[in-house]
Amino acid sequence: MSPFTEARMHLAVELTAAGRHPAAAAWAGLDPAALLSPAHHAGLARTAARRGLDLALLPHTFHPDAGPLLESAAVAARIAPVVSGIGLVPTATVTHTEPFHVSKSIATLDIVSAGRAGWEPAVSRTQAEADLFGRKPAAPADVLWREVAEAVEVVVRLWDSWEDDAVIRDAATGRYVDRDKLHHIDFKGEFFSVKGPSITPRPPQGHPVVVLRADEPEALPVAARWADVVRISAPDLPSAAAARERIRAAVAGAGRHPDDVIVLLDVEVHLAADRHRARRDLLELDTRAGAELPPSSVRVLGPPTDLADLVGTAVRTRAADGVTLVPLVLPTDLDAVTDRVVPLLAGRGLLRTGRAGGSLRSRLGLSRPANHFVGASS
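Okay, so the sequence shown: first residue is 97 according to my numbering, each after it adds one.
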């Protein structure tokens, strides 16, 4: 299936507590205590799910200047039982986190969400972040991304360390698990040495969806080997199209089919009645923050039709297989997207209507991976 048919038009949203802009909470008059409540985060995810968005990405960082942050995998696990119909993709910063613990956390999320989990491995770059742990200094990009590659491989192997039918629950013999269907992974690499097996059964999806950024050269081979979804940032659509082609070439070079990887373009968004009002809002936000927030990718400041036009152009010109909307202000911009932009996209035949069921992999048109150990023994 072509990645530019209606079925492959994907729409994700990044859900920070108050939005990407650092002054969003103060500008919108949000109660800081409410931003740490389960109801706030569940409400954002519920709004995104209501109009059939594919993914809710839940960012996280170890940087001490980021303010009070809830752990994103725990937030996703809290949301999963009360919000249906949308994939939940927390960030897992692997630089200072053991992959054994990451594998358990994401597998658990996949179980409690009935197969709607993904994860976004990320790197921790600064000495300030390293100092929080005190185990190792900050490292250059090539080292960080080699570590990501190992971490993802360990996590995937741990997921596979239980065969799908390892849990037998045999009351007559008192056996919960068939130990012949558990496997030591015996991984030894540059950064990690993990024996395994996991202590958590294989996730419903086999492998929850792996989302990776590929904005720097060191990340590209890791994404080519392991990603199901690749996020990119770009200043304009021609640059995004070039990045997408580089990613597809790298995926093919890694021995995978390029159509098996979905490329999503980040689009920063602040919507208002018109462009003048949206730009005035941004000026007020920047003034309140005491500094201008430069765009990290394509940015849309204007009415909902501007965003719908850009999304349509992005897909039509093969700049991306879909977009990750990055609201500058939450929940205001998310409400505008779901109430006004999504109906525009659906009306133009760019987005399916209704709510898709099943796993996140099935929603994205991705196959369920075979178990590494079963394949190796057959």
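By construction, the Cβ of each residue, glycine as well, lies at the ideal position given by its N, Cα and C atoms.
- An exposed status is given to H280, since fewer than 16 other beta-carbon atoms sit within 10 Å of its beta-carbon.
- Contact check for L184 and L140: beta-carbon distance about 11 Å, past the 8 Å limit, so the pair fails to qualify.
- In this structure the segment 224–233 does not touch the segment 335–342; the number of beta carbon pairs closer than 8 Å is below three.
- Taken atom to atom, the span from the alpha-carbon of V178 to that of V109 is near 18 Å.
- In the DSSP assignment, V109 forms a beta bridge with A152, L421.
- Between A315 and V359 a beta carbon distance of about 13 Å is seen, past the 8 Å cut, so the two are scored as non-contacting.
- Classified as exposed, H353 has fewer than 16 neighbouring CB atoms from the shown chains inside 10 Å of its CB.
- In the three-state scheme derived from DSSP, where H, G and I count as helix and E and B as strand, K277 is classed as helix.
- Bounds of the beta strand (DSSP E) holding E364 are 358–367.
- Apart from the 5 residues on each side of it in sequence, D238 sits with its Cβ closer than 8 Å to the Cβ of E314 in its chain, given in chain order.
- With respect to the 9 Å criterion, L460 and D206 are not classified as neighbours on the basis of their beta carbons.
- DSSP places L308 in the strand class (E or B) of the three-state scheme.
- Bounds of any alpha helix (DSSP H) do not take in T222, whose DSSP letter is neither H nor E.
- Taking C-beta atoms as the reference points, E380 and V422 fail to come closer than 9 Å.
- Shown here for T143: same chain residues with a beta carbon closer than 8 Å to its own, the five before and five after excluded, namely P427, L430, D431, T434 in chain order.
- Per DSSP, reduced to three states, the secondary structure at A210 is coil, with no helix or strand assignment.
- Scanning its chain for C-beta atoms nearer than 6 Å, with the 5 sequence neighbours on each side dropped, one finds around V318 the residues W241, V244, A245, in chain order.
- For V244, the enclosing alpha helix (DSSP H) begins and ends at 237–256.
- For R414, the closest alpha carbon among the candidates D355, R464, G454, H372 is that of D355.
- In the three-state scheme derived from DSSP, where H, G and I count as helix and E and B as strand, G398 is classed as strand.
- Under the three-pair Cβ rule at 8 Å, the segment 290–303 counts as touching the segment 253–260.
- Note that the C-beta distance between P400 and R375 is not below 9 Å.
- By the 16-neighbour rule on beta-carbons within 10 angstroms, L424 is buried.
- In the displayed model, G408 falls within a helix according to three-state DSSP.
- Exclusion of the five residues before and after P391 leaves P331, E364 as the residues of its chain whose Cβ lies within less than 8 Å of its Cβ.
- Contact between L361 and A320 is absent: CB atoms are separated by about 18 Å, not below the 8 Å threshold.
- Here DSSP, grouped into helix, strand and coil, assigns E286 to coil.
- Under the criterion of beta carbons closer than 8 Å, K277 and D261 qualify as touching, at roughly 7 Å.
- Between A169 and A152, the beta carbon gap of about 13 Å keeps them out of contact (Cβ cut-off 8 Å).
- In the three-state scheme derived from DSSP, where H, G and I count as helix and E and B as strand, P134 is classed as helix.
- Shown here, V190 sits in coil according to DSSP, grouped into three states, outside any helix or strand.
- DSSP, read as helix, strand or coil, puts L184 in strand.
- Judged by DSSP secondary structure, I343 falls within the alpha helix (DSSP H) whose first and last residues are 333–349.
- Rounded to whole angstroms, the Cβ separation of A176 and S209 is 4 Å, and the two are in contact under 8 Å.
- Between G181 and A345, the alpha-carbon positions lie close to 32 Å from each other.
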